[in-house]
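What follows is a single structure, written as structure tokens, with notes after it.
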Ligand SMILES: [Zn+2]
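Numbering (the numbering used here), first residue to last: 602 to 816.
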């Protein structure tokens, strides 16, 4: 089966699609995640949104918190980003659901926030396309990776990282790209030099472990 671990649109081409929804969205999907993205934080509304998140995160079909995280390229004040991220780490740990992470140029700060707040839930760094050193540090922290369209680029960081992170540590996604997850699977199989069936079984097993589900 195909599993799309992070998408903003329902594409209906995978058995499992984990659809990222905004807390104010009235849309529903079979499985979804809710979170406050570091690009769209607002000092006027964040408290209400966090309050809402704390309630709706309990929904059975909401299986992860996120995407949330830190982004040095965001116009939002960085200290404020950290504050809102920490609140989301706390919510995820209170209800024991994994975190889907958006992180740009702030990996040290990300690790600090998670460790200082005694994070115990699985961490999935989505859209990973960073260098080997960062990948290694993340592997040592026990984080998971979700790779998407960057895999399609020639000799991308993502393509190098997927070979090094270990088969039990990764997922595949389409994020906001208008792309079939099937192409991402095909490309991952090609890069890793294995049959696509192996990738399917591995990701299914990873998904079952991280989300405590039997598929
Ligand atoms: Zn996304």
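Built from N, CA and C at the ideal position, the CB exists for glycine as well.
Remark: the C-beta of residue 623 is outside contact range of ligand 1, defined as less than 8 Å to any heavy atom.
With respect to the C-alpha of residue 775, the residue from 683, 663 and 785 having the closest C-alpha is 785. Residue range 782-793 is occupied by the alpha helix (DSSP H) that includes residue 786. Restricting attention to 799, 657, 700 and 707, the CA atom closest to the CA of residue 680 is found in 707.
Here residue 752 is buried: its Cβ has 16 or more other Cβ atoms, across all protein chains shown, within 10 Å. DSSP places residue 681 in the helix class (H, G or I) of the three-state scheme. Shown here for residue 806: not one same chain residue has a beta carbon closer than 6 Å to its own, the five before and five after excluded.
Ligand 1 approaches residue 728 closely enough that one of its heavy atoms is under 8 Å from the residue's Cβ.
Nearest C-alpha to residue 658 among 791, 696 and 796: 696. Each residue's CA atom was taken as its position, placing residue 812 and residue 689 some 17 Å apart.
Here residue 639 really is in contact with residue 672; their C-beta atoms are around 4 Å apart, less than 8 Å. With distances taken between CA atoms, residue 677 lies nearest to 644 out of 698, 694, 665 and 644. Of the residues 606, 760, 728 and 716, the one whose Cα lies closest to the Cα of residue 743 is 716. Beta-bridge analysis with DSSP links residue 665 to 634.
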